[in-house]
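Residue 57 in my numbering is what sits at position 22 of the sequence shown, and the numbering runs on without skipping anything. Idealized CB from N, CA, C, for every residue including glycine. Here is the structure we will look at, set down as structure tokens.
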Amino acid sequence: MSTLKVNSITETDGSAFPFGKILQVVTTKRATGSSFSTSSSSPQEFMTLDITTTGNSNKVLVLSNSFARCRRYPGTEVYARVRLTRTPSGGSETNLVEDRQFGIETYPNIQIIALNTAFSHLYLDTPGNAGTYSYKIKMINDSGGNATVYGYDESTITLLEVQG
């Protein structure tokens, strides 16, 4: 095993290397057996995690991995979306990553078809002020009817406060 200890890392010109310190990390995983399903075309909360930032110039690095599945009966199509949002305490929700759509088409005389997929987000957010922020992964079923969108308990979201 090797150990590297340094007092600082600098650019070749002697200036400070451009990265901040990680001040805190919060994470959650969907509990085992907590699958989620929706046939609603309205955004449905799938995972939520809060963080309280400590400085006005600090950033939040969002890492998420959402496992999803869409299913529909023969002769139809199914499309769904996954969205990342941020809401400050007492404030309005903001879409950070616009919807990413996935889906399948099925044809007559074919059994029920399903598509499993994973959506990952790596997003560096600049909330602008110290305070509590709620980050949410939402799922939207664009198909309605007999279509169903599922989220699975292997899904995770991690928030890191990075010194600005």
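The DSSP-derived three-state label of Y187 is coil. Look at L84 here: in three-state DSSP terms it is strand. D160 carries a strand assignment under DSSP once its states are collapsed to helix, strand and coil.
In the structure shown, the three-state DSSP call for L39 is coil. Under DSSP, E196 forms a beta bridge with Q59, V95. For T120, the three-state secondary structure derived from DSSP is strand.
Inclusion of G199 and G55 in the CB contact set at 8 Å is warranted, their separation being smaller than that value. Less than 8 Å divides the Cβ of A115 from the Cβ of G138. For I175, the uninterrupted beta strand (DSSP E) run begins and ends at 166-176, by DSSP.
It is roughly 29 Å from the alpha-carbon of L150 to the alpha-carbon of L159. About 6 Å separates the beta carbon of S190 from that of N100, a gap short enough to meet the 8 Å contact definition. Counting other Cβ atoms within 10 Å of its Cβ, V60 stays below 16 and is therefore classed as exposed. Here the alpha carbons of N130 and V113 stand approximately 23 Å from one another. By the criterion of a C-beta distance shorter than 7 Å, F154 is surrounded in its chain by S101, A103, V117, R135, once the five residues flanking it on both sides are discounted.
T129 carries a strand assignment under DSSP once its states are collapsed to helix, strand and coil.
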